[in-house]
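These notes are about the structure you will find just below.
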Amino acid sequence: MTITGSKKKQIAVLTGGGDAPGLNAVIRGITVKAISLGYDVIGLKQGWAGLLENGESNPLDLDQVASIHVTGGTILGTSRTNPYKVDNGVEQVKANLKRLKCDALIAIGGEDTLGVANKLFKEGVNIVGVPKTIDNDLSGTDYTFGFDTAVNIAAKAIRDLHTTAESHRRIMVVEIMGRHAGWITIHASIAGGAHITLLPEEKFDIKEITKIIKQRQTKGKHHTIIAASEGAIPKEGDMVLQAGEKDAFGHVRLGGLGERLAKELEKECGQEARYVVLGHLQRSGAPSAFDVVLGTRLGVKATELVDQGKFGRMAALKGTEIVDVDLNKAVGTLKIVPKEFIAEEKIFWGIDD
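Residue 187 in the working numbering sits at position 186 of the sequence shown, with consecutive numbering throughout.
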């Protein structure tokens, strides 16, 4: 049902998890639409931490969001705080929403942030979700904002590395973000012209990679570019992890596949190998035009859902339409690269430049 009443209505908004290009476009879309509907908007700082003890917040107005849509990062800040892992965290969230006199909350985030949002909705919090991840692995939406920008950054890096790899006759391993899904890697590999693509969805065989590189060598092609998801796993081995503690959602830090693979290939192929870790460059800088438009539309839709009282829902892209889906769909199943797409891409492995 629609939120009604004579008092001034108020929406809170937060951004959780890793930042993604397009977040500020969502915040702008929410703020402009909400104000047009007669709401005040409160920005919560540093994700869920903004609703815990000593959490920070500030009002958002049209002047504050006027030109933020073309900038990267998030003006609200973000964190991987999980209120369900904090003593009395859920009670603090509810109490602070009440203290701030918020009628509803819009949570912008990935699987972890939306998972918390879904739990809070089931506990009576008026909440709407907006999907966010550069990995594009959230079910319930065709694309997530930030993905397009990340692909463009990774594809350009691959294209640029061709010249130095060819000049020095090197194998270059480009490590790309993607813990459980290789959407960025497979798109960037095709667009950037990599010779081999390694994804989390399909375990790779070091012998097959070595064979392709040696075949290129016999044809006079003395450089090879390998696009590798950070979560790719060898047939005989495990995911490469960094040492350290898990975050509040139980995730370990990935990293090191590129280095390990480069060393192994140098030994097996008798050719100099180097690795490049794109890392946070993929989520940095200004968003692409596609991500600005998508983020804006999702923000507007989320605000409409609040105004219509459609809580426990998530704004999503289906085809060219912005629709709403159950929050359960966003957090229930990981969206991975289908086998058909992997097979389509694999025919380009090792071909001449």
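Every residue gets a Cβ at the ideal spot worked out from N, C-alpha and C, and that includes glycine.
| Check | Outcome |
| --- | --- |
| Which partner residues of Y85 appear in the DSSP bridge assignment? | Answer is none; Y85 lacks a bridge partner. |
| Tell me which same chain residues have a C-beta within less than 8 Å of the C-beta of I213, skipping the five on either side of it? | H196, I197, T225, W350 and G351 |
| Can you list, in chain order, the residues of its chain whose CB lies under 6 Å from that of L266, leaving out five sequence neighbours each side? | I172 and A274 |
| Secondary structure at I348, three-state DSSP: helix, strand or coil? | coil |
| Can you name the start and end residues of the alpha helix (DSSP H) that F153 belongs to? | Checking the sequence shown, residue 153 turns out to be Asn, not Phe. Segment F148 to H169, the alpha helix (DSSP H) holding N153. |
| Using only CA atoms, which one of K347, G313, G300 and E346 lies nearest to T145? | G300 |
| Quick one: grab the DSSP three-state call for L15. | strand |
| Mark L63 as exposed unless 16 or more other C-beta atoms lie within 10 angstroms of its C-beta, in which case mark it buried. | exposed |
| Using 8 Å for Cβ pairs, my map puts A151 next to M178. What's the rounded Cβ distance? | 7 Å |
| To which residues of the same chain is A35 closer than 7 Å at the C-beta, ignoring the five residues directly before and after it? | I12, V42 and T304 |
| Between L45 and Q93, is the Cβ-Cβ spacing less than 8 Å? | no |
| Expressed to the nearest angstrom, what Euclidean distance is found between the alpha-carbon atoms of E167 and K220? | 14 Å |
| Skipping 5 residues on each side, what residues in its chain have a beta carbon closer than 6 Å to that of L318? | T142, D143 and Y144 |
| Give me the Cα-Cα distance between F342 and L200, rounded to the nearest whole angstrom. | 12 Å |
| Identify every residue that forms a DSSP beta bridge with F205. | P235 |
| Assign V338 to one of three DSSP states: helix, strand, or coil. | coil |
| What are the boundary residues of the alpha helix (DSSP H) that I191 is part of? | W184 to G193 |
| Have a look at A287, A108, T32 and K302 and flag the residue whose alpha-carbon is nearest the alpha-carbon of D325. | K302 |
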